[in-house]
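**Q**
Protein chains: 2
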Amino acid sequence: MKELAKDILIEKGVSPSYHRLKVLEYLLENRNHPSADDIYRKLIEEIPTLSKTTIYNTLKTFVESGLVESFNILQNEVRYEYNLNPHAHFLCKKCGKIYDLPDYDNCLKNQIIAGHEIHDHQINLSGICKNCREKE
Amino acid sequence: MKELAKDILIEKGVSPSYHRLKVLEYLLENRNHPSADDIYRKLIEEIPTLSKTTIYNTLKTFVESGLVESFNILQNEVRYEYNLNPHAHFLCKKCGKIYDLPDYDNCLKNQIIAGHEIHDHQINLSGICKNCREKE
DNA sequence: TACAATTTTGTAATCATTACATAATTGAAT
DNA sequence: ATTCAATTATGTAATGATTACAAAATTGTA
Ligand SMILES: [Mn+2]
Ligand SMILES: [Mn+2]
Ligand SMILES: [Zn+2]
Ligand SMILES: [Zn+2]
Chain A
1 MKELAKDILI
11 EKGVSPSYHR
21 LKVLEYLLEN
31 RNHPSADDIY
41 RKLIEEIPTL
51 SKTTIYNTLK
61 TFVESGLVES
71 FNILQNEVRY
81 EYNLNPHAHF
91 LCKKCGKIYD
101 LPDYDNCLKN
111 QIIAGHEIHD
121 HQINLSGICK
131 NCREKE
Chain B
1 MKELAKDILI
11 EKGVSPSYHR
21 LKVLEYLLEN
31 RNHPSADDIY
41 RKLIEEIPTL
51 SKTTIYNTLK
61 TFVESGLVES
71 FNILQNEVRY
81 EYNLNPHAHF
91 LCKKCGKIYD
101 LPDYDNCLKN
111 QIIAGHEIHD
121 HQINLSGICK
131 NCREKE
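If you read the protein sequences in the order shown, they are chains A and B. End of the first sequence = 136 in this note's numbering, gap-free, step of one. End of the second sequence = 136 in this note's numbering, gap-free, step of one.
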């Protein structure tokens, strides 16, 4: 049962415009934590009039409606993903790939720690990935 | 026994130039996770010729020599700290303050997870802090 | 003093992101 | 179908942190 971008948008109360559908479909098919620019460069191929501002607007809408998550494992650009399950991220400093680590969620969302109300929880690991290690 | 900036630099093999001493002293006294610009704006008061590039160079040197840690809890700027103990960070979305959470380290540094070699481990939480909650 | 190595400075470039005004599209009401 | 307001998309210009790079200053040592 393939997830339909349109249904997901409607369910979250986001009106399913053409561009929003395209961005969400991209995120459903590409689970490699793309940047705004990654999405733009792919979609501009079939939508030549597409504006990068539209990508930023769309992603902002998605994140605010809880449809998509953004995270700052890199210091220069934001990455996005459609993956609501809590999980940690691992960045390989050699090849730049970002891996999911589902077993290391340890999620503190909605808990109260030291009096602080936790709304969001990101675990960012980095080092050398399995692939890169095996090449050496 | 107050930690002496000069001794710390020498121990880590970083030559203790005037500017480096000033930056490290700032970090030793200000445990509020400052940005490069925070440090610059304070030090320019007593060093009017100070260049912001020097701040960036110095912080880069410190991070590379393992003297200082940097982290990306914000999407637009890097924050720095002198605190070698593993701990998590909590960002208040209301007041912008960044708190330390020493009990939630759960550090995976130098471990191998799913074949990946973990060199660095950041835990970034966000929400509404104790102070801001009590004001409501 | 001479000189090479290190450190600092200043300017300009880079690059992701945002601001904002304008244009296009949509969807309901007439 | 037409009108009109609301939403969505576009384009350009600005912002702001960070980096590149070359020149200047400082340091340590012969
Ligand atoms: Mn992920
Ligand atoms: Mn800290
Ligand atoms: Zn790798
Ligand atoms: Zn607060």
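The beta-carbon is built from N, C-alpha and C at its ideal position, and this holds for glycine as well. It should be emphasised that the depicted structure is a prediction, and the values quoted were computed from it without experimental measurement.
Using 8 Å as the threshold, is the region 54-67 of chain A in touch with the region 92-99 of chain A, meaning 3 or more CB pairs across them?
**A** No, the region 54-67 of chain A is not in contact with the region 92-99 of chain A.
**Q** Run the proximity test for Asn32 (chain B): is its beta-carbon closer than 7 Å to any non-hydrogen atom belonging to ligand 4?
**A** The residue labelled residue 32 (chain B) in the question sits at position 32 within the second sequence. Not under cutoff, so the answer is no.
**Q** So Leu9 (chain A) and Arg20 (chain A) are supposed to be a Cβ contact under 8 Å. How far apart are they, rounded?
**A** If you number the first sequence from 1, residue 9 (chain A) lands on position 9. If you number the first sequence from 1, residue 20 (chain A) lands on position 20. That pair is a contact at about 6 Å.
**Q** Between Val63 (chain B) and chain A, is any beta-carbon pair separated by less than 8 Å?
**A** For this step, residue 63 (chain B) is matched to residue 63 along the second sequence. Answer no: the Cβ-Cβ gap between Val63 (chain B) and chain A never drops below 8 Å.
**Q** Smallest Cα separation from Glu64 (chain B): which of B:Asp120, B:Ala5, B:Glu77 and B:Glu134?
**A** The count along the second sequence starts at 1 and reaches residue 64 (chain B) at position 64. Selected option, being the one with the closest Cα: B:Asp120.
**Q** Please list, following the chain, all residues that have a C-beta closer than 7 Å to any non-hydrogen atom of ligand 3.
**A** That gives A:Cys92, A:Lys94, A:Cys95, A:Lys97, A:Ile128, A:Cys129, A:Asn131 and A:Cys132.
**Q** Taking 7 Å as the cut-off, is the C-beta of Asn76 (chain A) nearer than that to any heavy atom in ligand 1?
**A** Your numbering for residue 76 (chain A) matches position 76 in the first sequence. Checking every heavy atom of ligand 1 against the Cβ of Asn76 (chain A), none is found closer than 7 Å.
**Q** Just checking, does the region 79-97 of chain B make contact with the region 79-94 of chain A on the three C-beta pairs under 8 Å criterion?
**A** Because the criterion of three Cβ pairs below 8 Å is not met, the region 79-97 of chain B and the region 79-94 of chain A do not touch.
**Q** Could you give the residue range of the beta strand (DSSP E) that holds Arg79 (chain A)?
**A** Residue numbering aside, residue 79 (chain A) sits at position 79 when the first sequence is read from its first letter. Segment Arg79 to Glu81, the beta strand (DSSP E) holding Arg79 (chain A).
**Q** Where do the ends of the beta strand (DSSP E) carrying Asn124 (chain B) lie?
**A** Against the second sequence, residue 124 (chain B) aligns to sequence position 124. Segment His116 to Ile128, the beta strand (DSSP E) holding Asn124 (chain B).
**Q** Could you tell me the distance, in whole angstroms, from the CA atom of Pro48 (chain A) to the CA atom of Tyr18 (chain B)?
**A** Here residue 48 (chain A) refers to the residue found at position 48 when the first sequence is read from its first residue. Here residue 18 (chain B) refers to the residue found at position 18 when the second sequence is read from its first residue. Straight-line Cα distance between these residues: approximately 54 Å.
**Q** Is there a C-beta anywhere in chain A that falls below 8 Å from the one on Val68 (chain B)?
**A** Taking the second sequence and counting its residues from 1, the one referred to as residue 68 (chain B) is at position 68. Chain A contact via Cβ: absent.
**Q** Beta-carbon within less than 7 Å of Asn72 (chain B)'s beta-carbon, same chain only, minus the 5 sequence neighbours each way: which residues are those?
**A** Here residue 72 (chain B) corresponds to residue number 72 of the second sequence, with the count starting at 1. Taken in chain order, the residues that qualify are Val78.
**Q** For His19 (chain B), which three-state DSSP category applies?
**A** For the purposes of this step, residue 19 (chain B) is identified with residue 19 of the second sequence, where counting begins at 1. Three-state result, His19 (chain B): helix.
**Q** Would the C-beta of His87 (chain A) count as close to ligand 2, meaning under 7 Å from any of its heavy atoms?
**A** Mapped onto the first sequence, residue 87 (chain A) falls at position 87. Checking every heavy atom of ligand 2 against the Cβ of His87 (chain A), none is found closer than 7 Å.
**Q** Tell me, please, whether the CB atom of Ser126 (chain A) is closer than 8 Å to any CB atom in chain B?
**A** In the first sequence, residue 126 (chain A) corresponds to position 126, counting from 1. So, interface residue.
**Q** Any heavy atom of ligand 1 inside 7 Å of the beta-carbon of Glu29 (chain A)?
**A** One-based indexing of the first sequence puts residue 29 (chain A) at position 29. Checking every heavy atom of ligand 1 against the Cβ of Glu29 (chain A), none is found closer than 7 Å.
**Q** Below 6 Å CB to CB, which residues in the same chain sit around Leu24 (chain A) once its five sequence neighbours on both sides are set aside?
**A** By 1-based counting over the first sequence, the position of residue 24 (chain A) is 24. Excluding sequence neighbours, Leu24 (chain A) sits near Ala5.
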